[in-house]
Amino acid sequence: MDDSVSKDDFVYVDDLISGIRWDAKYATWDNFTGKPVDGYLANRVVGTRALCAALENAREQAASLGFGLLLWDAYRPQHAVDCFLRWAQQPEDGRTKSRHYPRIGRTEMFEKGYVAARSGHSRGSTVDLTLYHRTTGELVPMGGDHDLMDPVSHHGAQGITSVEAQNRKHLRSIMETCGFSAYEREWWHYTLDNEPYPDTYFNFPLT
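Residue numbers (the numbering used here): 2 to 208.
Spelled out as structure tokens, the structure:
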């Protein structure tokens, strides 16, 4: 991280929250672009200290219900968002379409609100996450994976089981109780209500 920007307010989430799990999708080949994304130079999750404090409360709430938290993304450099924009203009190769955007084209991701040219993630206090069972370590079924850009990912979606719907409600209740707001189109996406940088979009890389 760039110390001039992040020394005081941006931290590795796992440094502050004990027992948190993560799988930084955009640092890997397992994301909708099919390769590591610009700006993600390490498989770590970074966020503001305010985000971490709220996530610690969420971790405790989840643990009381037998769940743990697994993070997929938090702070996202603007450089990574620009990479998404360039990728969307490339010819379709079909490599990730069936898993991530089966019923729309690449540019429609932006039109339908699944990806933004300026992402709230770049402000440092938005997180993509899910639950796992503490007893087994297995991810809780949610009715669709991270970055499935489809109506089935919306809160209140049809086409998922009652168990999956209830699990989404568990996650939403935990997060809203701890000061986050849901994004109606993505069950995994939450933004801290009192985020410290509501108008600032950062661009330092994750290292």
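Glycine residues also receive a C-beta, built at the ideal position from the N, C-alpha and C atoms.
* **6 Å Cβ shell around ASN58 - same chain, five flanking residues per side excluded** => CYS179
* **For GLY20 and PRO152, the rounded distance between their alpha carbons** => 32 Å
* **Proximal residues to PRO42 (C-beta, below 8 Å), its chain only, five neighbours per side dropped** => A small correction: the amino acid at residue 42 is Leu; Pro does not occupy that position in the sequence shown. So the qualifying residues of the chain are ALA28, PRO206, LEU207, THR208.
* In three-state terms, what does DSSP make of ARG60? -> helix
* To do: Could I get the ranges of all uninterrupted beta strand (DSSP E) runs contained in the region 87-153, with 3 residues as the minimum, in chain order?
  => 127-134
* Closest to ASP24 by CA distance: which of ASP200, ASP146, ARG173, LEU193 is it? -> ASP146
* Excluding sequence positions up to five away, which residues of its chain have a Cβ less than 6 Å from the Cβ of GLY48? -> Taken in chain order, the residues that qualify are VAL14, ALA75, TYR76, GLY125.
* **Collapsed DSSP secondary structure at ASN32 in the structure displayed** => ASN32 sits in coil when the DSSP states are folded into three classes, being neither helix nor strand.
* **Element boundaries [beta strand (DSSP E), containing LEU70]** => 68-74
* Reference ARG186; option with closest CA among ALA158, GLN79, TYR202, THR127 -> ALA158
* Asked: CB HIS101 to CB ASP148, shorter than 9 Å?
  -> yes
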